[in-house]
Each structure stands twice: as C-alpha cells, then as structure tokens.
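For the sequence shown, this note's numbering begins at 81 and goes up steadily by one. All residues carry an ideal CB built from backbone N, CA and C; glycine is no exception.
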Amino acid sequence: MKTRAKMKTPASAHACGIVLVLLSLLAALQTTSAQKNDIDIYSLTVDSKVSSRFARTVVTSRVVNRADSAQEAIFQMELPKKAFITNFSMIIDGVTYPGNIKEKDAAQEQYSAAMARGESAGLVKATGRKMEQFQVSVSVAPAAKVTFELVYEELLKRHLGVYELLLKVRPQQLVKHLQMDIHIFEPQGISFLETESTFMTSALANALTTSQNQTKAHIRFKPTISQQQKSAEQQDTVVDGSFIVRYDVNRTLSGGSIQIENGYFVHYFAPVGLPTMPKNVIFVIDKSGSMTGKKIQQTREALIKILDDLSPKDQFNFISFNGKATQWKPSLVQASADNVKEARDYAANIQAHGGTNINDAMLMATQLLEKANREEQLPAGSVPLIILLTDGDPTVGVTNPTQIQKNVQDAIGGQYSLFCLGFGFDVSYAFLEKLALDNGGLARRIYEDSDSALQLQDFYQEVANPLMTAVTFEYPSNFVEEVTQNNFRLFFKGSEMVVAGKLQDQSPDVLSAKVHGQQSMQNITFQTESSVAEQEEEFRSPKYIFHGFMERLWAYLTIQQLLEQMVSASDADKRVLKTQALGLSLNYSFVTPLTSMVVTKPEGQGQSQVAEKPVENGNSHRNVHAGHAGFRLHSLGHGGPRLLAAAPGMPLGLPKLRQPGPVVHRRLYIPPHDDLDLSLHSLSAPTLADPVGDLHEDDVDLNIKETDPIARLPDITQAPAVILPLPGQSTDRLCVDIKDSEGPMNLLSDPDQGIEVTGQYEKKRAQFSWIQVTFKKPQLQVHASPEHVVVTRDRRNTAYRWKETLFSVMPNFLMTMDEEGVLMLRSQDKVTIGLLYWKGPGQGVRLLLQDTNRFSSHVNGTFGQFYQGVLWVPSAAADDSERTLTVQGHNYPATREPKLDYQDGASGIEFSCWSVKL
C-alpha cells in the first residue's frame, strides 16, 4: 500500500514508503509520506485467514493529513495474479466511498472518458512475475483522516509439495500501529510450517510470534515504534523486507480429504506413496537467432541439469529448430548413462541462428511419438510428454498461429500432453497457452533474468514425476450438483487436484467419493467419505476462519476453470462460458477479466476510476518494470535480511558478519555458537539475542592517504585458498594453497556429520569458481558461485543474490547471509560452513570453517585430511620458518609466510601463517 502525500502548493514533498506483498497469498502495500507534518500512516494492518487453502486478505490503512494544506494520498498495493479483488472502500470524514463491481463493458464508458482526458484511469497493472499492482488516489484536507480497505481472495496452489504465502513489509516511515495476523486452519493437520522474512533484528524478532497445534497456526507481527526504529537517533524504520509462510498438510495413500461447510464441499486429492510412472519425453528447443547469447546459454545449462534428473526407465529425444527442424536421434532412446552423457554433449553444443519454424518442429515431435507407438517402443503404463521452449513467434513455414494450433491438435489427437514455455516477452503467450490447453498441458512464461535456467529446471520438476493418468472423481449424482472439473489427464508428484461442488437439499449424512485413474499398467480406485454433520460443525465454531469461505472457494475455482476453458472453446461455446463466468463474478463480487470495479470519489475530486484485471497475453508486459517487489532471482526479490523460522522457540542469537571489499575498513568477528539451541521443543515465540550487540557500519574515510598501509589494496595472491582453524594443536591456523587442480575437488566429506563440500578451483584467479555444500539432515544443497547462491530443497530451487541478507531457520538448521556477502550454514552439533563472496581481483567464492572440533574421525577430502592427526616436525632452521607437516603418511613442506586473512575487514589484514601447497 502506498499513501503518497502530494502538496497542492509548489512545495515538494519528500517521499518514503511501505510495501506489503502476499505471494500465493500476497498483498503489496507501499506508503510514501511527505515530511513530518504531511500524510501520516498511524495504523496499518493486514489480516489473512487461510481456511482449507482458501485465503482471504484484508488490508486496512488509516492515514491523517498533518499538513496545513490539502495533500494527495495514494493507496497502492500488490496482489498475486491468481487472486481476485472482492472489495475496496475509502472512508473519508465518516463517509464511505465504495468500489462497485460491474460488467466490464458497463464500466468501459467511464474508463474511455478518463483516458480521453489524459488521465490514467486503469487502477491495476502487472508489476512482476506473479504480481499485479492496485492503486487509487484521493485528496485529503488538512487534519482529515482517511481509511483505505482492500479485500482479495485466492485459492493457494500446491507447488512441489508446499503451499506458499508471502507478505512483504517495507515501511519507510514509523507506523504507530503496524500489525500482521495470519491464521491458518487445515482440518487434515499441518505437517510442517516455515516462516521466512527479510527484516531481521533482535528487536523485530521479538515482535514476531508463532503458535501452532495440529490443525491451526497463528503468526503475528506487531512491532512497537521503538522496535521499528533503526536507532534511537534515527527516525527511519528498520522494517524493510519480506515475509513468507510455507506449509503442507498431512496426507496418506487414500482418496483424499472431503471438507464440507455451509452446504458446499471441496475434495483435495494428493495421495502419497504412489510410484512414479516412466516418461517418454521429447524436448522441442528453439535455436533461432533470437535465442543468441544468454538465452541459449541458459537453455543449454538447464537441459544439462534436466538430463541428470531423468530416470533410467524414461525415454527421451531432442528436436531443435530454427528455420528447419532437426532431431537428435531417429527415435526415442533410453535414459541410460551412456545416452544421457551423449545427450549432454549435444545440448552443450546447441547454437542459435536462423528463423523460427514451430509448426514443423511440433509435427516432427508428434511423428516421433507415433512411430514409437506403432513400433511398440512406448512401454505400457508410460506417459508421453512434449515440452516446447520458444522465445518468438513463427517466421518460417506455417506462420499463422491458428493454423499451427489446428495442425498440432490434429497431429496429437488427444494422445499426448504438450507443455509450452515462452522465453521472454517476444512470444505471444496467448498462442502458447491455447496450444498447450488444446493438448492437455499448460503454458508458462520464462522470465529473462539470471535465474532463467532455474525457472526451466523448476518447471521440469513439476512434470518430472507423473503418478496417475486419466483421473476422474465420482460422487452420488442425486446428492451433489454444480461440481467443478472432475476429470484430469495427469497427476504429478507435489501437486494437488481440487474438486468443489454444492450439496443438494436432500444430502446424505455421509458424502462418499471414488477417484479412478491409471497407475502404470493397472486401473486403480480410491474411495473416501466424510460425515456432513461433523464437517459442518468443525467449520462452524472457530472464530479464526473466514466463515462461508467454501462457497466462495467453489465460485473462485469455477470462474478460473471457465476462463481457462474459454481459451480452447469454439466461438459459440465461448459465449456460453463467458456468460456463466460473468454471472458468478458479479454474484460473488470478484474483479475478473470479465468485470471491472468502479472506485467512487468525493464530489469535486474528478471522475471515478476503474480497476480491471490485467490478462497475461502477448507482449503486453514487455516494458513492465518489476515495481517495488523487485523480483529477480528469488520470489522475494528484496535485498533485506531474511528470516526463516521453521518452528517457534528457536533462539536466534547470531551477529552480523562482515566480508572483504575494496574500501571500508572493519574487522570480522564471528563468535563460536556452542550454546546455540537448535532444538524445536517450544511453541513460544522465537527470540533473537545478539551476543556482540548491533554491529554498525564504521564511518568511511574517503580521503585515503597513500602512506596508509592498510588502505592499499592487497595483492589477491596473498590470500590463501583456504584458512583452516586447527583447534587443540600447537598451530591454531593453517593456510592451504592449491597449485595443481583439475576438475571438481572433494574438499570435505564427513559421513558421520552428514556434510560434503566440493568445489572447482581456478588457478588463474586463485579463487574457487564454485563451492557446493550438501547436508543429509535436513536434505539441503547450497551451490555458491560469483553469480548467485542456489539453495535446493525437496526439488525446489531458490536463487539468492550475494549480499541479499538472509536469515533462515529450518528444523535444526540455520542459514544466514549478511549484506557484505558472508553466507553461514549452521546445524546443531555440526561443523559450521561459511561461504564468502569475493568481488575484488580474482572474483570468486571462498570457504570459511568454524567449530572444526566437531569433525568426526572419518572426515576426509583435500582439506578434511588436515583434521586427521596432523604431526608437525620442526626444521633445523634457527628462525623456525620451515617445518614438515605429516598427514596420513604424507609429508608436506610448510613455511611461515605473510598472508591476507580474507576472513577479516574490507581490505583484509595481513598476518603470519604456516602455509602448505597442494
């Protein structure tokens, strides 16, 4: 939400802001105010109630004009593209000015009139990968108060095994009453709950409380004015970041969960324990000239990673196309180790040039599958998939989009599923969406960014594990009506099928259901039932849920499915579907692509404004700025600290860490954390204690004198490859340099600790080009390169830019990164691994170790060997500058040399260190 003060006098206003964003339940609020006496937000609340995956968010902002003249207040918020606005109102001096939802055509006259006057009449626009921005303005008289309230609703979708809800808070002014409340109620039971945010301070952590039992969770963030302040001397707010809730529910190998409320039901189906069905997948890859550069490089990178994820039971092939389509192999091949290796070489050498012939490429893919089917090369019970990646419209061969869609649909004939990925905004998304939906798949836009390869990999993970085909839901026809889509072509691991409907007046005491489908080579049927009275009672009493939500869930789901069906429908059917979707949108007050909300204003403040829902279509978003959300690598996309609290009650006592840079001088202090309690026994609020106090930036002296030895940038070659702490030995630190290295190195491996560290060392830069840390518990992989840090967990990839401060807490695991680029990975009773980003000469990644006394006797690796009984043999030299280091029967000459301690301040500190070369 943004409330901007705009002076009616020539005096200009100084801006600051608040943004609150909810992703998959996402609201964006940003506030700008003038100076001390201008528009002031004295109350800002966000109340989100998630009842059985259906989320309702109410954003309320109260402002007062403390200036002596009229000010313009702008309310601005961001919400997920899948959400529907249901209400907006302004209360000015006790008078309510509501937003009225009308058929789009009825509001068009007001919209066109405003556009003719040169006014920006549209209130909603796309602002990022997953967001839309809502904005309205109003003039506020001196001393007058205005209350803005906006409500939107959304069904949270399960993605790779989790539901995700994100709230971004960026108040750049202090707010007297700032409060977020998130209530979650899941009758199936909450199997895990994590929270992550980017506003970590000890004071603010105390303002965040989380409570949870088997079916309910309540998360509250309510900081006081003093907690929001950066310091006692500064009136700026420290609250500036994002807040995510991730959770899943308990599941079994069953027919799912039927939940009933107020005469409506919803059926969630996502059984666990089913084996993955083998795939026959054809990758159709655009290699036209427009893919040159970063796009084709990222595509090659993603394909290589995807090939590694193929199961040996899978079959695959490549078709690459520009003006001409060519296939890698004449037929599908098994995903054996040799074939995958050969395919990796092929993918690594795809070059971009020429035009774009989508039609021939798609027909070649269908012909490959048809040939395999005729020759009985498709194993019984396997799933055929076609995945198309293109970045532009067709320019060669058949170029008419409608004709291509018809040709492809006729060729596929309902036998295979097609998934279309549009790379960037030069391709018509509407064309790809219809192409996919016509053939039982879906379309996805891949955004041009440094994480494009990860986006491609994540999409593949969504479809990599088919569990069932031809899934149908069956209910007693005389007891239910108006049921949403109840048949689905494919069910993938990590997703969820949702069916909703209405109970007839003469409904039974028990609602039963059957779910039929095919699994490999057999037909399977699940049965489940639910007591109507018990379910109604379960949802009737709690105060923390949004009552009547299930009827709105049914309407929301029905509208979404009708809009999707319109994409592939004939003109006659499309008119029928539009009428149905429009009727529901108006009846339930949803702002959908078929409706508009007319926002009324006080008399004398101009014409009403119109809010219309943007549509993902064509290249309409090509020049859209990412907005305040700033989505880049991670869906959070913000450079503030992150806090991930997997469970309450975990003390978070960690200091800020510093990292070398070229100018500012400070010393890095990293205290031990032997007393860090990572247990998860308590359900009280998480607390955070900083054992060394707040570490503030030192004052920077820009007048550096040449005579200052510390001010001169050190030679990067003085920094060793790694500095190993050796607790309990006569020498407390050992500097290790690498002179010979080829390929990835096993740096550390401790099977007892469940930690493995590998890396690639580049001698020319005297740096690691990448370091990867793998943990067994929790199953987590961190891959660090100069470009970014990629965290992989449960098949989900999240990319973070260096210096995007992070504070993540998972069960028995803590991951932090500060604004200087120091990433720390801690787990209870285990060695602490640090990764440092070095931006100076020889840009790369460096390794930091703590708590090395916790290594087991089985530790090994290039660096791990030095924790296996090191023996120092002194030399005969009088100055004791040379020794021999004996490790596991190997002798290494060691010399005392001046080295740069990369763990210290910005320019590093020179120290004397025993050094060995490997």
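Can you give the Cα-Cα distance for residue i and residue j, rounded to whole angstroms?
| i | j | result |
| --- | --- | --- |
| Asn73 | Leu412 | Here the chain covers residues 81 to 998 and nothing more, so residue 73 does not appear. |
| Tyr982 | Ala799 | 6 Å |
| Thr885 | Asp320 | 12 Å |
| Pro160 | Leu965 | 60 Å |
| Ile467 | Gln378 | 16 Å |
| Phe505 | Pro392 | 35 Å |
| Ile384 | Ala428 | 7 Å |
| Ala580 | Leu591 | 13 Å |
| Ala974 | Gln945 | 15 Å |
| Pro588 | Val612 | 8 Å |
| Glu609 | Val463 | 30 Å |
| Gln537 | Ala382 | 6 Å |
| Ile625 | Tyr668 | 19 Å |
| Val325 | Val862 | 21 Å |
| Gln586 | Phe559 | 7 Å |
| Asp261 | Thr137 | 10 Å |
| Asn419 | Asn519 | 29 Å |
| Lys1002 | Ser128 | Since the first residue shown for the chain is 81 and the last is 998, residue 1002 is missing from the structure and cannot be characterised. |
| Trp994 | Val925 | 22 Å |
| Lys856 | Gly839 | 18 Å |
| Lys162 | Leu642 | 14 Å |
| Thr618 | His347 | The identity of residue 618 in the sequence shown is Glu, whereas the question assumes Thr. Roughly 16 Å separates the two Cα atoms. |
| Ala652 | Met646 | 10 Å |
| Asp120 | Gln485 | 54 Å |
| Leu517 | Gln447 | 20 Å |
Let me know if residue i comes out buried or exposed under the rule of 16 or more other beta-carbons within 10 Å of its beta-carbon.
| i | result |
| --- | --- |
| Thr1033 | Here the chain covers residues 81 to 998 and nothing more, so residue 1033 does not appear. |
| Leu928 | buried |
| Phe991 | exposed |
| Met442 | buried |
| Gln640 | buried |
| Asp148 | exposed |
| Arg525 | buried |
| Asp490 | exposed |
| Ala312 | exposed |
| Ser217 | buried |
Looking at the strands, I want to know which residues DSSP matches up with residue i.
| i | result |
| --- | --- |
| Pro178 | Ser169 |
| Leu876 | In the sequence as presented, Leu is not what sits at residue 876; that position holds Arg. According to DSSP, which records beta bridges pairwise, Arg876 is partnered with Arg873. |
| Met444 | Paired residue(s): none; Met444 is not in a bridge. |
| Trp918 | Gly924 |
| Lys979 | Phe991 |
| Ser141 | Leu124, Phe228 |
According to DSSP, is residue i part of a helix, a strand, or is it coil?
| i | result |
| --- | --- |
| Phe1010 | Residue 1010 is absent from the structure shown; the chain starts at 81 and stops at 998. |
| Met601 | coil |
| His745 | Since pLDDT at His745 reaches only 31, below the 50 mark, its modelled position is unreliable, and no value is offered. |
| Tyr972 | strand |
| Leu998 | coil |
| Lys623 | coil |
| Trp952 | strand |
| Asn342 | coil |
| Ala382 | helix |
| Val318 | coil |
| Gln945 | helix |
| Leu637 | helix |
| Asp120 | strand |
| Asp127 | strand |
| Lys658 | helix |
| Tyr668 | coil |
| Ser132 | coil |
| Asp653 | helix |
| Arg331 | coil |
| Gln689 | strand |
Would residue i pass as an interface residue toward chain B - the criterion being a Cβ-Cβ separation below 8 Å?
| i | result |
| --- | --- |
| Ala382 | Absent from the structure is chain B; it holds one protein chain and no more. |
If you measure from the CB of residue i, is any heavy atom of the ligand COA nearer than 7 Å?
| i | result |
| --- | --- |
| Asn603 | Among the components of this structure there are no ligands whatsoever, and the ligand COA is therefore not found. |
Next on the checklist: For a minimum of 3 consecutive residues, which ranges assigned as the beta strand (DSSP E) are wholly contained in the segment 451-511?
Outcome noted: 463-470, 497-503
Checklist entry - Mind pulling the alpha helix (DSSP H) runs of 4 or more residues that sit fully within the segment 239-310? => result 282-286, 305-308
Next on the checklist: Please give the ranges of any alpha helix (DSSP H) in the segment 508-580, keeping only runs that are unbroken, at least 4 residues long and fully inside the region.
Outcome noted: 509-517, 532-543
Item to check | Whole beta strand (DSSP E) elements within the segment 815-859, 3-residue minimum | outcome: 825-830, 835-842, 847-855
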